[in-house]
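In what follows, a single structure is set out as structure tokens and then discussed.
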Amino acid sequence: MMDGQTADADRASLTHPRRLGALDSSGLMDSPEEAIFDRAVKLATQLTGRPVGLVSLVDGTRQFFKAQIGLPAETAAARETPLSHSFCQHVVTSNAPLVVNNAYEDPRVRDNLAIRDLDVVAYLGVPVHDPNGETLGSFCVIDNKPHEWTEAEMASLQDLSVMIETELRLRKIAQQREMLISEMNHRLKNVFALVAGMVRQSAREATDIKDMSGNITGRLQALSAAHSLILPDATGTDTEVSLRALTDTILAPYPGGQAVVRGDEIFLGPKAAVAFALSLHELATNAAKYGAFSENLGRVEVAWNVDSDRLTLTWREEMPLEVESIVNEAGFGSRLLQINVEAQLGGKLTRELTAKGAHVSLAVPVASLAE
Numbered sequence: 001m002m003d004g005q006t007a008d009a010d011r012a013s014l015t016h017p018r019r020l021g022a023l024d025s026s027g028l029m030d031s032p033e034e035a036i037f038d039r040a041v042k043l044a045t046q047l048t049g050r051p052v053g054l055v056s057l058v059d060g061t062r063q064f065f066k067a068q069i070g071l072p073a074e075t076a077a078a079r080e081t082p083l084s085h086s087f088c089q090h091v092v093t094s095n096a097p098l099v100v101n102n103a104y105e106d107p108r109v110r111d112n113l114a115i116r117d118l119d120v121v122a123y124l125g126v127p128v129h130d131p132n133g134e135t136l137g138s139f140c141v142i143d144n145k146p147h148e149w150t151e152a153e154m155a156s157l158q159d160l161s162v163m164i165e166t167e168l169r170l171r172k173i174a175q176q177r178e179m180l181i182s183e184m185n186h187r188l189k190n191v192f193a194l195v196a197g198m199v200r201q202s203a204r205e206a207t208d209i210k211d212m213s214g215n216i217t218g219r220l221q222a223l224s225a226a227h228s229l230i231l232p233d234a235t236g237t238d239t240e241v242s243l244r245a246l247t248d249t250i251l252a253p254y255p256g257g258q259a260v261v262r263g264d265e266i267f268l269g270p271k272a273a274v275a276f277a278l279s280l281h282e283l284a285t286n287a288a289k290y291g292a293f294s295e296n297l298g299r300v301e302v303a304w305n306v307d308s309d310r311l312t313l314t315w316r317e318e319m320p321l322e323v324e325s326i327v328n329e330a331g332f333g334s335r336l337l338q339i340n341v342e343a344q345l346g347g348k349l350t351r352e353l354t355a356k357g358a359h360v361s362l363a364v365p366v367a368s369l370a371e
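Quick note on numbering: the UniProt record's numbering labels position 280 of the sequence shown as 280, and the sequence is numbered without any gaps.
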């Protein structure tokens, strides 16, 4: 018998959201029989000489038999029992082997209904973990009479459990590979669409072929820089990009000492990183053509801060002398810049162009930064 405190702790362990989430993610609950699991339980009964073998997965209300051999026909057909008939739940809650030589005499299980209804007397079970170490269930062998379990039997069962865990790990790797391929295919399509849009925009802005080539090349380089920072890892998970690292990358080709970057550490998701990279590239390119980067003494300050639910990035240029042509020629009303800030990020673009330089503000919802 368990006291109330122990029972509550075991219940909490069984129903912990992280463990139940891992069990659900495994896709094993209520799944069809599979030969690899069936072979494992058959081999376990052969190695130990016991009549029953199970791969049992335990959730908050029942145990499901992913594989079984030797159960009564009705239970074998149902492939599950309530926890009132489960020894395996104790393996899960303790995350340790359960050794029962004689259930009638063992206070941990002697009131379990599996003794009466399933003829479970001797039980040896070891944990089955997912690739992240969460305990999903038990791999066990059972006898209908008392049995003194040996170290050799325990070792055999643990070796077979490791085989099952290796199978689960290989399945996860294969799933991650498929996810990665799918994500890369999706991203490649998006890149083609984005490049096509940039080519059309560059063609409309260009005064000649050389100008168009320069515009397209610069934008592609900015896009490449962003994507080199946001390539997903082997699990298919995107790497978050530091806004500071992205800004430094985009500004790297321009004269050192002319740009000052200030702001707290902010991380961007893949969509936001591409939008910021292209926006910063447009601003830097215009600064090189018409603004602060076109003059040796010109200065650019890039700064950002987060206020409540909005990030505001400012691009401020200061020229040593007034240059009248900036207002007319800088072209900071670039459609691409506006699309990146407003359409892609749901933000607001404001700009002020003076003879002393361009002052541009990008106000973006914090929620869009993770996209």
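We treat Cβ as the ideally placed atom computed from N, Cα and C, and that holds for glycine. All values derive from a computational prediction rather than experimental measurement.
With respect to the beta strand (DSSP E) encompassing residue 396, which residues constitute its N-terminal and C-terminal limits?
Not covered by the structure: residue 396. The range shown for the chain is 1 to 371.
Applying the 10 Å Cβ sphere with the 16-neighbour rule, what's the burial state of residue 66?
Within the sequence shown, numbered from 1, the residue matching residue 66 stands at position 66. Counting Cβ neighbours within 10 Å, residue 66 comes out buried, since at least 16 surround it.
Could you check the C-alpha separation between residue 72 and residue 118 for me, to the nearest Å?
On the sequence shown, residue 72 is found 72 positions in, with the first residue counted as 1. On the sequence shown, residue 118 is found 118 positions in, with the first residue counted as 1. So the two alpha carbons sit approximately 7 Å from each other.
Could you check the C-alpha separation between residue 69 and residue 53 for me, to the nearest Å?
As a position in the sequence shown, residue 69 is number 69, starting the count at 1. As a position in the sequence shown, residue 53 is number 53, starting the count at 1. Those two C-alpha atoms are separated by around 5 Å.
If you follow the beta strand (DSSP E) that residue 35 is in, where does it begin and where does it stop?
The sequence position of residue 35 within the sequence shown is 35, counting from 1. No beta strand (DSSP E) holds residue 35; the alpha helix (DSSP H) holding it covers 35–48.
Cross-strand partners of residue 260 (DSSP beta bridge)
Stepping through the sequence shown from its first residue, residue 260 is reached at position 260. DSSP, once it has assigned bridges, lists 301 as partnering residue 260.
For residue 170, count neighbouring C-beta atoms within 10 Å of its own C-beta (all shown protein chains included) and say buried if the count is 16 or more, exposed if not.
Mapped onto the sequence shown, residue 170 falls at position 170. Exposed.
With a Cβ-Cβ cutoff of 8 Å, do residue 136 and residue 22 count as a contact?
Start at 1 with the first residue of the sequence shown, and residue 136 comes out as number 136. Start at 1 with the first residue of the sequence shown, and residue 22 comes out as number 22. Yes, the pair counts as a contact, with Cβ atoms nearer than the cut-off.
Can you check which of these residues, 97, 108, 173 and 157, is closest to residue 132 by C-alpha distance?
The residue labelled residue 132 in the question sits at position 132 within the sequence shown. Answer by Cα proximity: 173.
According to DSSP, what are the bridge partners of residue 358?
Your numbering for residue 358 matches position 358 in the sequence shown. Paired residue(s): 353.
Cβ of residue 161 within 8 Å of Cβ of residue 48?
Within the sequence shown, numbered from 1, the residue matching residue 161 stands at position 161. Within the sequence shown, numbered from 1, the residue matching residue 48 stands at position 48. Not a contact, by the Cβ cut-off of 8 Å.
Near residue 315, which residues of its chain fall below 6 Å by C-beta distance, leaving aside the five closest residues on each side in sequence?
For the purposes of this step, residue 315 is taken as residue 315 along the sequence shown, with counting starting at 1. Closer than 6 Å at the Cβ level, and outside the excluded window around residue 315, lie 283, 302 and 360.
Output the distance between the C-alpha atoms of residue 217 and residue 306, rounded to the nearest integer angstrom.
Taking the sequence shown and counting its residues from 1, one reaches residue 217 at position 217. Taking the sequence shown and counting its residues from 1, one reaches residue 306 at position 306. Rounded to whole angstroms, residue 217 to residue 306 spans 32 Å at the Cα level.
Return the residue from the list 50, 247 and 142 that minimises the CA-CA distance to residue 259.
Within the sequence shown, residue 259 is the residue found at index 259, counting from 1. Taking only the C-alpha atoms, the option nearest residue 259 is 247.
Taking its Cβ as the centre, do 16 or more other Cβ atoms sit within 10 Å of residue 27, making it buried, or is it exposed?
Start at 1 with the first residue of the sequence shown, and residue 27 comes out as number 27. If you draw a 10 Å sphere on the C-beta of residue 27, you find fewer than 16 other C-beta atoms in it, and that means exposed.
Nearest-angstrom Cβ-Cβ length linking residue 110 and residue 81, presumed shorter than 8 Å
The residue you call residue 110 lines up with position 110 of the sequence shown. The residue you call residue 81 lines up with position 81 of the sequence shown. Not confirmed; about 17 Å, so no contact.
DSSP-derived helix/strand/coil call for residue 156:
Indexing the sequence shown from 1 puts residue 156 at position 156. In this structure, residue 156 counts as helix in the three-state DSSP scheme.
Do residue 144 and residue 448 count as a contact pair if the criterion is CB distance below 8 Å?
As displayed, the chain neither begins before 1 nor continues past 371, which places residue 448 out of reach and without an answer.
Name the two residues that bound the continuous beta strand (DSSP E) containing residue 143.
Numbered from its first residue, the sequence shown carries residue 143 at position 143. Where residue 143 is concerned, the enclosing beta strand (DSSP E) stretches over 135–143.
Sort out for me which residues DSSP pairs residue 68 with in a bridge.
If you number the sequence shown from 1, residue 68 lands on position 68. Answer by DSSP bridge pairing, in chain order: 54.
Can you tell me the Cα-Cα spacing of residue 139 and residue 106, whole angstroms?
Looking up residue 139 in the sequence shown gives position 139. Looking up residue 106 in the sequence shown gives position 106. The alpha-carbon separation between residue 139 and residue 106 amounts to approximately 20 Å.
Which of helix, strand or coil does DSSP assign to residue 28?
The residue given as residue 28 occupies position 28 in the sequence shown. Shown here, residue 28 sits in coil according to DSSP, grouped into three states, outside any helix or strand.
State yes or no: is the C-beta of residue 268 within less than 8 Å of the C-beta of residue 241?
Within the sequence shown, the letter at position 268 stands for residue 268. Within the sequence shown, the letter at position 241 stands for residue 241. Yes, these two residues count as a Cβ contact at 8 Å.
Taking C-alpha atoms, which residue in 285, 317, 251 and 94 lies nearest to residue 351?
Here the question's residue 351 lines up with position 351 in the sequence shown. Comparing Cα positions, the closest option is 317.
When every heavy atom of the ligand SAH is checked, does at least one fall within less than 7 Å of the C-beta of residue 300?
This structure lacks the ligand SAH, and indeed carries no ligand of any kind.
Buried or exposed: where does residue 328 fall if 16 or more other Cβ atoms within 10 Å of its Cβ makes it buried?
On the sequence shown, residue 328 is found 328 positions in, with the first residue counted as 1. Confidence at residue 328 is low in this model, with a pLDDT of 39, below 50, so its placement is unreliable and no value can be given for it.
Nearest-angstrom Cα separation, counted from residue 210 out to residue 355
Counting from one through the sequence shown, the residue named residue 355 turns up at place 355. Counting from one through the sequence shown, the residue named residue 210 turns up at place 210. Residue 355 and residue 210: Cα-Cα distance of roughly 28 Å.
When you compare only the Cα positions, how much space is there between residue 55 and residue 9?
To locate residue 55, count along the sequence shown from 1; it is residue 55. To locate residue 9, count along the sequence shown from 1; it is residue 9. Approximately 24 Å between the Cα atoms of the pair.
Between which two residues does the alpha helix (DSSP H) containing residue 369 stretch?
Translated into positions along the sequence shown, residue 369 becomes position 369. Per DSSP, residue 369 belongs to the alpha helix (DSSP H) from 366–369.
Nearest candidate by alpha-carbon position, reference residue 146, set 99, 32 and 75
Indexing the sequence shown from 1 puts residue 146 at position 146. Minimum Cα distance to residue 146 is reached at 99.
How many Å lie between residue 134 and residue 348 at the Cα?
Working through the sequence shown from its first residue, we reach residue 134 at position 134. Working through the sequence shown from its first residue, we reach residue 348 at position 348. The straight-line gap from Cα to Cα measures roughly 45 Å.
Rounded to whole angstroms, what's the CA-CA distance from residue 251 to residue 310? Just pull it up for me.
The count along the sequence shown starts at 1 and reaches residue 251 at position 251. The count along the sequence shown starts at 1 and reaches residue 310 at position 310. C-alpha separation (whole angstroms): 24 Å.
For the beta strand (DSSP E) containing residue 274, name the first residue and the last one.
Within the sequence shown, numbered from 1, the residue matching residue 274 stands at position 274. Counting along the chain, residue 274 sits inside no beta strand (DSSP E); it lies in the alpha helix (DSSP H) bounded by residues 270–290.
Quick one, which of 44, 337, 276 and 142 has its alpha-carbon nearest residue 114's?
One-based indexing of the sequence shown puts residue 114 at position 114. For residue 114, the nearest C-alpha among the options comes from 142.
With DSSP run on the structure shown, which of helix, strand or coil describes residue 11?
Along the sequence shown, read from residue 1 onward, the residue named residue 11 stands at position 11. In the three-state scheme derived from DSSP, where H, G and I count as helix and E and B as strand, residue 11 is classed as helix.
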